[in-house]
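Colleague:
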Amino acid sequence: MGKIEDRIEELGLILPETPVPMGSYLPWARSGKLLFISGQLPRREGKVVYQGRVPSEISIEQAKEAAMVAALNAISVMKSALEELDRVKQILRMTCWVASSPNFFDQPQVANGASDFLVKVFGEAGKHSRMTTGVIALPANATVGVDLVVAAR
Amino acid sequence: MGKIEDRIEELGLILPETPVPMGSYLPWARSGKLLFISGQLPRREGKVVYQGRVPSEISIEQAKEAAMVAALNAISVMKSALEELDRVKQILRMTCWVASSPNFFDQPQVANGASDFLVKVFGEAGKHSRMTTGVIALPANATVGVDLVVAAR
Amino acid sequence: MGKIEDRIEELGLILPETPVPMGSYLPWARSGKLLFISGQLPRREGKVVYQGRVPSEISIEQAKEAAMVAALNAISVMKSALEELDRVKQILRMTCWVASSPNFFDQPQVANGASDFLVKVFGEAGKHSRMTTGVIALPANATVGVDLVVAAR
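Protein chains in written order, with numbering that gives the first Met the number 0: chain A, 0 to 152; chain B, 0 to 152; chain C, 0 to 152.
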């Protein structure tokens, strides 16, 4: 097991199975060193476990957890793409999509749930550029979606 | 004519003229093998032909068609960028934007209209990673928007 | 000072300090020649100065200005990444996010505020592919967000 997987274990987490896509697309696609990770939702065993808009239907704290769970699924996709997570050279871009009530404007706090987690797991290699937005609705009424562009070694 | 254009013809489709951008931007930009295709709307002869939010103003079935029409426009842009569609090595990323009523959460079904079409046309090279989101409104009240990152040979 | 900075001065503008990220992410990340610029908001000295949805809370004209200010912040990030703005080879992709009232569909006009400005500053190198969408809400109630992918020399 590589260093990154050791760290995931140290954090008390188990890398889930790579989530099955929710439509006719691939979990990832690669060109040279660039790896595109499909949008991940806060799913556990296939089921979206954080639903609804922030904050009218779900709290900011829970939404942060949702972002972390989506990021964990993205890591699982990275492993399936690269076989070995130590091959992640740099996470280049995260786009974080937050299902938002009309007057919610603190999407960055929610996105930090995913960003902080990626840095915890990958250290320097996990630091990334980011775009965060509120949206009216995500697939399966998910609270958060996370997609990534990753540079591989 | 290349193989991909033959396939488009076999599907009974005609590759439209490259849509004129709806603002001060380019239909595509390229760096090395990476080709960025601007957001495409379900336009025919310049006009957005599928409008309104899913499902309150337009049905899921029509929205799937809209996604396919937007993808066809994206293919037309690919041709204008690469001259020859056989130079598409891999569609790396699709982002699919669906104008959504507040309680619509089946955006992936709409996005499949574009994804399935790209695979029909390009085969393996058309399989892609994807992010799908609902949004409150798209330019010209379009039902769907599709943008792509493509790897060229 | 390089040519691009000269042009910014000729336009009567001052390149602002690189905006501090509004969360746990980096202003930019780079892999080879590809530079990913984090989402920029219309901030001046750290404060979001254009807020609310178009057009119910802020006019289209002001939203265009907001897009230009966000793009100016993105240029500041480019400078911090590349040291010298003349190293911008091509702006490959802009995604422009416009906080929109439900029945506003002219996001491209708002996005042109950023697009036109990038071309004014960078000339041919500033021409880019683009995706523009309406969204229900952006961080800090910003009117516009702009993120970029840039090719460096």
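Beta carbons: idealized from backbone N, C-alpha and C, even for Gly.
#1: Just the C-alpha distance for T131/C and W27/C, rounded to the nearest angstrom, thanks.
#2: Are the beta-carbon atoms belonging to K88/A and R152/A less than 7 Å from one another?
#3: Pull the bridge partners of L137/C from the DSSP assignment, please.
#4: What residue range does the alpha helix (DSSP H) around R92/C cover?
#5: Given this structure, state the Cα-to-Cα distance separating I135/B from A98/B, to the nearest angstrom.
#6: What does V134/B reach in chain A if we use C-beta pairs closer than 8 Å?
#7: Quick check: A65/B and Q39/B, are their CB atoms within less than 7 Å of each other?
#8: Does DSSP put F121/B in a helix, in a strand, or in coil?
#9: Quick check on the burial criterion: 16 or more other C-beta atoms within 10 angstroms. Buried or exposed for G22/A?
#10: Name the chain A residues whose beta carbon is nearer than 7 Å to that of Q61/B?
#11: What whole-angstrom Cβ distance do G125/C and I90/C have, given they're in contact under 8 Å?
#12: Check the Cβ of L25/B against every Cβ in chain C and list those closer than 9 Å, keeping chain order.
#13: Report the three-state DSSP secondary structure of R35/B (helix, strand or coil).
#14: Would you say D146/A lies against chain C (beta-carbon separation less than 7 Å)?
#15: Using the beta-carbon count (16 or more within 10 Å), is K46/A buried or exposed?
#16: List the residues of chain C whose Cβ lies closer than 7 Å to the Cβ of L91/A, in chain order.
#17: Have a look at D115/A, A70/A, I7/A and flag the residue whose alpha-carbon is nearest the alpha-carbon of S37/A.
#18: Are V53/A and F116/A touching if we call contact CB-CB under 7 Å?
#19: If you draw a straight line from the C-alpha of L84/A to the C-alpha of K78/A, how long is it?
#20: Can you name the residues that DSSP bridges to K46/A?
#21: Which one of E16/A, L34/A, L14/A has the shortest CA to CA distance from L81/A?
#22: Can you tell which of S58/C, K32/C, H127/C, L10/C has the C-alpha that lies nearest to the C-alpha of V109/C?
#23: Should V120/B and R43/B be called a contact, given that it needs their Cβ atoms to be closer than 7 Å?
#24: Using three-state DSSP, classify L81/B as helix, strand or coil.
#25: Would you kindly report the start and end of the unbroken beta strand (DSSP E) that includes D146/C?
#26: For the candidate residues P15/A, E9/A, E56/A, whose alpha-carbon lies nearest to that of A141/A?
#27: Go to R6/A, then tell me how far its alpha helix (DSSP H) extends in each direction, as first and last residue.
#28: Quick one: residues in its chain with C-beta nearer than 6 Å to the C-beta of P18/A, no 5 flanking neighbours on either side, listed in chain order?
#29: Does DSSP put M67/A in a helix, a strand or coil?
#30: Have a look at G144/C and W96/C and give me their C-alpha separation to the nearest angstrom.
#31: Going by DSSP, name the residue or residues bridged to A28/C.
#32: Identify whether V76/C lies in helix, strand or coil by the three-state DSSP scheme.
#33: List, in chain order, every chain C residue whose beta-carbon is nearer than 8 Å to that of N140/B.
#34: Are the beta-carbon atoms of S75/B and L25/A separated by less than 7 Å?
#35: According to DSSP, simplified to helix, strand and coil, what is V19/A?
Modeller: Once the coordinates are examined:
#1: 21 Å
#2: yes
#3: L137/C is not bridged to any residue.
#4: Counting along the chain, R92/C falls outside any alpha helix (DSSP H), though it belongs to the beta strand (DSSP E) covering 87 to 98.
#5: 6 Å
#6: V134, I135
#7: no
#8: helix
#9: buried
#10: Simply none; closest approach about 18 Å.
#11: 6 Å
#12: K126, H127, S128, R129
#13: The question names Arg, but residue 35/B in the sequence shown is Phe. It is a strand residue.
#14: no
#15: exposed
#16: A28, S30, F35
#17: A70/A
#18: no
#19: 5 Å
#20: R43/A
#21: L34/A
#22: S58/C
#23: no
#24: helix
#25: 143 to 151
#26: E56/A
#27: 2 to 9
#28: R42, N72
#29: helix
#30: 5 Å
#31: F35/C
#32: helix
#33: F104
#34: no
#35: coil
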